[in-house]
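Worksheet: the structure to be examined is printed underneath.
Residue numbers (the working numbering), protein chains in the order written: chain Y, 2 to 126; chain D, 2 to 126.
Here it is, written out as structure tokens:
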């Protein structure tokens, strides 16, 4: 039996501003340093920037992932979250029959967001 | 001296999916219930959906706000955060000389986001 090797793939929208895309890669690096149960943490983009979602999955697999956990890094359940990302991930899944490719709920559905916004408003930072 | 009456204005991107925009209004309602120091909490949208940012500011002012605190509800510092929202807010500010219209950093710059993503990945919810 092969060892489970987890990867987390942050999927962001992608921006024409390079600094914005770099920010997402930095976020992936920051998570990687804290998330010891996931030896692989990568970032990719739905559109505009690269790596694309298919490329992001491929990077995880090439790094030896046996599982790819997708984190849709979006705040609201718009078309990108409901249709675009699931469609792309479904297409990729068939290419990797030995890899468990699953998706977390989109980031904005986290119940702690209300508390973060409250704290930001109160502390004005 | 007039009493300070704070308002928080959540600025989201706006989606063609109505349910996504409703989600943002629900978020504003949820924050409103917890954020007692802000008697007014509203949501508005940069594009696609209404109320627009100018309309959102107007709603806050009509409800008696003496201060409007903008929360750019975006995850990365792309063009919308760096240029579009500040430009619109700057244009509106001149219309309301008696109202303090200020902006928080965009949501994605909050340092707690790494911990939320870590928790989401570990607990797989």
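Here a beta-carbon is modelled for each residue, glycine too, at the ideal position from N, C-alpha and C.
For the pair of segments examined, the stretch 5-12 of chain Y was found to touch the stretch 68-88 of chain Y: the number of CB pairs separated by less than 8 Å reaches three. Taking residue 88 (chain Y) as reference, the option from Y:17, Y:55, Y:31 and Y:11 with the minimal CA-CA separation is Y:55. Following the DSSP letters along the chain, one finds residue 7 (chain D) inside the beta strand (DSSP E) bounded by residues 7-13.
Leaving aside the five residues that flank residue 38 (chain D) on each side, the residues in its chain whose CB is nearer than 7 Å to its CB run, in chain order, 7. Under DSSP, no beta-bridge partner is assigned to residue 108 (chain D).
When DSSP reads this structure, residue 120 (chain Y) sits in no beta bridge, so it has no partner. With a cutoff of 8 Å on beta-carbon distance, residue 18 (chain Y) and residue 83 (chain D) are scored as near each other.
Comparing alpha-carbon positions, the option among D:105, D:103, D:41 and D:94 lying closest to residue 63 (chain D) turns out to be D:41.
Within the same chain, 15, 16, 46 and 50 come within 7 Å of residue 22 (chain Y) by CB-CB distance, once the 5 residues on both sides are set aside. Looking only at D:122, D:36, D:101 and D:43, the smallest Cα-Cα distance to residue 74 (chain D) is reached by D:43.
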